[in-house]
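Notes follow the structure.
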Amino acid sequence: MKLVQYLVNGGKRYGIMQETGIIDLSQRLGDKYPTLKSLLCANALTDAALWCDEPADYYYQEVTFLPVIDDPQKIICVGMNYADKRIEFNETNPAPTLFVRFADSQTGHNGLLLKPENTNEFDYEGELAVVIGRRCSRVSAEDALDYVAGYSCYMDGSVRDWQHSWFTAGKNWPSTGSFGPCLVTTDDIPDPQMLRLLTRLNGREVQNESTANMIHPIASLIAYISTFTLLSPSDTILTGSPGGVGKKRVPPLFLHDGDVIEVEIEHIGTLRNVVRDSRYLTSSVSWHDGRK
Numbered sequence: 001m002k003l004v005q006y007l008v009n010g011g012k013r014y015g016i017m018q019e020t021g022i023i024d025l026s027q028r029l030g031d032k033y034p035t036l037k038s039l040l041c042a043n044a045l046t047d048a049a050l051w052c053d054e055p056a057d058y059y060y061q062e063v064t065f066l067p068v069i070d071d072p073q074k075i076i077c078v079g080m081n082y083a084d085k086r087i088e089f090n091e092t093n094p095a096p097t098l099f100v101r102f103a104d105s106q107t108g109h110n111g112l113l114l115k116p117e118n119t120n121e122f123d124y125e126g127e128l129a130v131v132i133g134r135r136c137s138r139v140s141a142e143d144a145l146d147y148v149a150g151y152s153c154y155m156d157g158s159v160r161d162w163q164h165s166w167f168t169a170g171k172n173w174p175s176t177g178s179f180g181p182c183l184v185t186t187d188d189i190p191d192p193q194m195l196r197l198l199t200r201l202n203g204r205e206v207q208n209e210s211t212a213n214m215i216h217p218i219a220s221l222i223a224y225i226s227t228f229t230l231l232s233p234s235d236t237i238l239t240g241s242p243g244g245v246g247k248k249r250v251p252p253l254f255l256h257d258g259d260v261i262e263v264e265i266e267h268i269g270t271l272r273n274v275v276r277d278s279r280y281l282t283s284s285v286s287w288h289d290g291r292k
């Protein structure tokens, strides 16, 4: 099952993504579960699945996609989790590299990614996102995947020249991250460590890796993180980007106004965004809508 959040006529809704459009769950389950986050908190994915065979209520061109989870309590990011990336950045620490991203720094599928006017080094990083479905604390790696609701694509944009002593300042500018297009539930992804991840910039492949090559697998990350913090439904873990980022290319390859960046993950789909330099953004252009 593929779950999405979106805007229609100015109202926030959620539903099931199908080939022809979206089955609106807000009108069917909204009284009980007003948001996708509340559905996850109630551990009610089975209630949503009952509506999978309904006809679509909205065509894709009628909606504006929101981040899959627009208000998680926590977005915990993992850095340097692929061997090529560690080599590029001369990383030798064996422990998981962790930092945070704030929820208001992200947009959704087809939304505008905003290049801050303060930087000339806005970089791409395609990643697999893991969304927690049940509260967990100090879980074992053997049990960790039982606490996952599903998986999605993430473009974890980085403002490199603001990553001085640590990553956080370079990761939290408005609309520099993108989350979507959908949350694919775990029943449709039996092995998240066997997924092909591709990132394309203006149609050019710039990252190509398998999640099998993560240094710290998803189950180990959940076990590690849940040791020091409680994980709750909708909390999101970004599992790291492979090598091939623009910062370490010769010459460097950064994002500019008008660029199209895509993150495609096997069995999930393709997250697409257009880059807009924030200096050129006017009040008449919605930052949600990369089609403008």
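Quick note: the sequence shown, position 280, residue 280 per full-length UniProt numbering, numbers continuous.
We put the beta carbon where it would ideally sit given N, CA and C, even for glycine.
Neighbourhood of residue i by C-beta distance below 7 Å, restricted to the same chain and skipping five residues each side
i, result
"Asp71", "Lys37 and Ala103"
"Ser220", "Ala141"
"Val159", "Pro116, Thr119, Glu121, Phe122, Gly170, Trp173 and Thr176"
"Gln18", "Ala56"
"Val8", "Tyr58, Glu62 and Val63"
"Pro34", "none"
"Ser226", "Cys136, Ser137, Arg138 and Val139"
"Leu271", "His109, Cys153, Met155, Ser178, Gly180, Pro181, Glu262 and Val263"
"Tyr280", "Asp257"
"Ala49", "Met1"
8 Å contact criterion, which residue i and residue j should meet: CB distance rounded
i, j, result
"Leu66", "Tyr151", "Their Cβ separation, rounded to whole angstroms, is 17 Å, which puts Leu66 and Tyr151 out of contact at 8 Å."
"Tyr82", "Asn213", "6 Å"
"Tyr154", "Leu238", "5 Å"
"Leu195", "Glu262", "At roughly 16 Å, the Cβ-Cβ gap does not stay under 8 Å, so Leu195 and Glu262 are not in contact."
"Val68", "His216", "Not really, about 23 Å apart at Cβ, beyond 8 Å."
"Asp84", "Pro252", "Between Pro252 and Asp84 the Cβ distance is about 17 Å, and since that is not below 8 Å, they are no contact."
"Asp277", "Asn202", "That belief does not hold up - the Cβ atoms of Asp277 and Asn202 are roughly 15 Å apart, past 8 Å."
Reduced DSSP category for residue i - H, G, I as helix; E, B as strand; rest coil
i, result
"Arg101", "coil"
"Ile22", "strand"
"Gln106", "strand"
"Ala129", "strand"
"Thr92", "coil"
"Asp123", "strand"
"Tyr82", "strand"
Host beta strand (DSSP E) of residue i (start-end)
i, result
"Asp277", "Gly269 to Asp277"
"Thr185", "Gly177 to Thr185"
"Ala149", "Val148 to Asp156"
"Leu238", "Thr236 to Leu238"
"Gly79", "Ile75 to Gly79"
"Lys115", "Leu112 to Lys115"
"Ile265", "Val260 to Ile265"
Residues sharing a beta bridge with residue i, DSSP
i, result
"Asn208", "Leu198"
"Ile16", "Leu3 and Ile23"
"Leu231", "Cys136"
"Val245", "Val245 pairs with nothing; no bridge assigned."
"Phe65", "Tyr6"
"Gly11", "Val8"
"Gln59", "Position check: residue 59 holds Tyr in this sequence, whereas Gln was assumed. In DSSP, Tyr59 forms no bridge with anything."
"Val159", "Phe122"
Same chain, Cβ closer than 6 Å to residue i, five either side skipped, listed in chain order
i, result
"Ala149", "Leu40, Val131 and Gly133"
"Ser232", "Gln73 and Arg135"
"Val184", "Lys2, Gly150, Tyr151 and Ile268"
"Leu145", "Ala219"
"Thr107", "Ser175 and Ser178"
"Ile75", "Arg101 and Thr236"
"Lys12", "none"
"Gly244", "Val206 and Gln207"
"Arg200", "Glu262"
"Ser234", "Lys37, Leu40, Ile69 and Pro72"
"Asp161", "Thr119 and Glu121"
Cutoff 8 Å: residue i Cβ touching any chain D Cβ
i, result
"Thr64", "Going by chain labels, chain D is absent from the structure shown, which holds only one protein chain."
Endpoints, the alpha helix (DSSP H) within which residue i is located
i, result
"Cys41", "Leu36 to Cys41"
"Thr46", "Leu45 to Ala49"
Residues near residue i by beta carbon distance below 8 Å, same chain, minus five either side
i, result
"Tyr224", "Pro96 and His216"
"Leu255", "Leu113, Lys115, Phe122, Asp123, Tyr124, Gly157, Leu201, Gly246, Ile261 and Val275"
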